[in-house]
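Accompanying notes for the structure given below.
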Amino acid sequence: MLSSEYLYRFYRALEEGGCENHGLLIMRGDETVYEHYVYPYSAEMPHTLFSVTKSLISTAVGFAIDEGLFHLNSGISEFFPEFEIPDSPEWNRITVRALLTMNSNKQFSYMQGMANDYIDLFMKAPFRKKGGFLYSNNDVQMLAEIVRRTSGQNTDDYLDERLFRPLNIKKPFWETDCRGTCVGGSGAYLTLRDVAKICRCYACGGTYGGKQIIPAQWAKEAVRTQIQKSGTYGYGYLFWTKEDSFHMSGMMGQLVYYFPEYDAVIASFNNCLNDGFIHRAIREYLLRSFDGAKSSCDRTLEEYLKEKDLAVTANSGDLTKIPIGNHYYLTPVSKLRAKAFFPSGLIPKTVSSSFAKLAKNSMDDISFIREGDKECSIVWYEDNDRAEIRCGLDGTPRISEVTLQGYCFTVWAFAYLDGGKLTAVVKPINTLATRIFTFEFKRNAVKLDAKGTPAFIDFLLYHMDSVPVIRKHDFIKKTAPRIVRRAVRFLEKPYLYRQK
Numbered sequence: 000m001l002s003s004e005y006l007y008r009f010y011r012a013l014e015e016g017g018c019e020n021h022g023l024l025i026m027r028g029d030e031t032v033y034e035h036y037v038y039p040y041s042a043e044m045p046h047t048l049f050s051v052t053k054s055l056i057s058t059a060v061g062f063a064i065d066e067g068l069f070h071l072n073s074g075i076s077e078f079f080p081e082f083e084i085p086d087s088p089e090w091n092r093i094t095v096r097a098l099l100t101m102n103s104n105k106q107f108s109y110m111q112g113m114a115n116d117y118i119d120l121f122m123k124a125p126f127r128k129k130g131g132f133l134y135s136n137n138d139v140q141m142l143a144e145i146v147r148r149t150s151g152q153n154t155d156d157y158l159d160e161r162l163f164r165p166l167n168i169k170k171p172f173w174e175t176d177c178r179g180t181c182v183g184g185s186g187a188y189l190t191l192r193d194v195a196k197i198c199r200c201y202a203c204g205g206t207y208g209g210k211q212i213i214p215a216q217w218a219k220e221a222v223r224t225q226i227q228k229s230g231t232y233g234y235g236y237l238f239w240t241k242e243d244s245f246h247m248s249g250m251m252g253q254l255v256y257y258f259p260e261y262d263a264v265i266a267s268f269n270n271c272l273n274d275g276f277i278h279r280a281i282r283e284y285l286l287r288s289f290d291g292a293k294s295s296c297d298r299t300l301e302e303y304l305k306e307k308d309l310a311v312t313a314n315s316g317d318l319t320k321i322p323i324g325n326h327y328y329l330t331p332v333s334k335l336r337a338k339a340f341f342p343s344g345l346i347p348k349t350v351s352s353s354f355a356k357l358a359k360n361s362m363d364d365i366s367f368i369r370e371g372d373k374e375c376s377i378v379w380y381e382d383n384d385r386a387e388i389r390c391g392l393d394g395t396p397r398i399s400e401v402t403l404q405g406y407c408f409t410v411w412a413f414a415y416l417d418g419g420k421l422t423a424v425v426k427p428i429n430t431l432a433t434r435i436f437t438f439e440f441k442r443n444a445v446k447l448d449a450k451g452t453p454a455f456i457d458f459l460l461y462h463m464d465s466v467p468v469i470r471k472h473d474f475i476k477k478t479a480p481r482i483v484r485r486a487v488r489f490l491e492k493p494y495l496y497r498q499k
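If you number the sequence shown the way numbering that gives the first Met the number 0 does, the last residue is 499 and the count never jumps.
Laid out in structure tokens, this is it:
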């Protein structure tokens, strides 16, 4: 039995740290002992994994090595004949193992656009003067491409036959890069139950349900410390390691842990910029919940979880102020401002910055459809993709399916009117994003203020230290945040649309 007191404390710690929890699943042995999702997230809804995807690439590499397609010590030159790779100590050190342990010694920055050609970027990137571990999406993309070239299958198809189907996991949606290769650093979408199964399989030496799924040697070596980083964590083959655990980790708080001492898998999907305190909260509260102590907090936990479900505003206001039938288009000035930095769209830049395919144009040709006094739809285009978002006006959100840039998003949304403004709260629930659109109606125009969580400005400031030129120069380090704040605030000012 789990202690509800420490479960409650875990949720409160996340809330106080500004973290939005989407789901938590705990296994002891082969049994799921706790599972809860915050509305509108659910057990059946695949969720973006970000860098948890890297551990899936590790698994694909493990299968490929077991099948003799290549070896840990294979150099990259044999896989990329189209590039002239010099015979030098630096290039010769780039082996499959070096890529698995983030030791290519190639430069990488998180400010790099993810929609570029990863392979080309890797090959042209200079070597760092100081070698050693550097967490890099490009290293992992090289591995994804190596698996594709040697197996003749993309990673999603390759793992479907060997991992997903044997674990009764539905083949996931997986983003692809400009070469058509599954993105290695991020891009896979799985449920919390799916990632918990995969973690459990590794914990059991690659077996699940009495069957060997992942090659036994790989299941052992991938989650064993291969290199020791500074501090308490080590790194295996695209898994994080510690003396008492191993885990998969994705940006903004997608975490899947295994603790051998408790024979426990803890999987949690979240939304926050700094996920360090989630790691601490898991150890401080969830591990202590295994003592099973009862307390007076049982009812508190139950009531708290009910309160966590998002309350929906039912005040629809004066529906006649929604301009049905009108089409609004970005003014030239707003269009130039949007293009100068990033488009406004369904997915905020904080999340879409990790996507391999991005819209080049902002929301345009906006129109509104009203269904009685209970529902309205907001329609717009991003490039040639049409988005129609159904919004509940009666306190009950609506669900829409929207395909943008080849990605299908399940969108949960409600809206309300306040004076001359229509506010729509929109969640593409297979991502971790929330989008708040506020439309202010004027005679022949509409002003759109689009906000996203986490805010892109916070995302930029949080990752600014990963830029070498900022990290190394004190003056730039002090002035850059102020400049970035001013630039983003200007570029995120409301957009103006007019009827033609």
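Positions of the beta carbon are idealized from the N, C-alpha and C atoms, including for glycine.
Following the DSSP letters along the chain, one finds A59 inside the alpha helix (DSSP H) bounded by residues V51 to D65. Between the stretch 438-452 and the stretch 50-65, the count of C-beta pairs closer than 8 Å stays below three; the two stretches do not touch. Here C375 is bridged, per DSSP, to R369 and C390.
Distance from the CA of N273 to the CA of G184, rounded to the nearest whole angstrom, comes to 19 Å. At a Cβ-Cβ threshold of 8 Å, C203 and V264 do not count as neighbours.
The C-beta distance from F172 to N136 rounds to 19 Å, too long to meet the 8 Å contact threshold.
In this structure, V37 sits away from Q253, with a CB-CB distance that is not shorter than 8 Å. In this structure, the CA atom of E83 is about 56 Å from the CA atom of F289.
Residues of the same chain with a CB within less than 6 Å of the CB of V424, apart from the 5 flanking positions on each side, are F413 and I435 in chain order. The continuous beta strand (DSSP E) containing M247 extends over residues S244 to G249. Around the Cβ of N102, a 10 Å sphere holds 16 or more other Cβ atoms; the residue is buried.
When rounded, the separation of the alpha-carbon atoms in A195 and R27 is 11 Å. Put simply, of T224, T94 and I56 the residue whose alpha carbon is nearest the alpha carbon of G74 is T94. For E400, the enclosing beta strand (DSSP E) has its first and last residue at R397 to L403. Under a 10 Å Cβ-count criterion, F489 is classified as exposed, with fewer than 16 other Cβ atoms of the shown protein chains found around its own Cβ. Fewer than three beta-carbon pairs drawn from the stretch 138-147 and the stretch 161-171 are found closer than 8 Å, and the two stretches are therefore not classed as touching.
Going by beta carbons, T47 and N429 fall inside the 8 Å limit. Contact annotation: the stretch 331-340 does not touch the stretch 374-385, with fewer than three C-beta pairs closer than 8 Å. Per DSSP, the beta bridge partners of S267 are L23 and L254. Membership of K348 in the alpha helix (DSSP H) is indicated by the continuous run K348 to S351.
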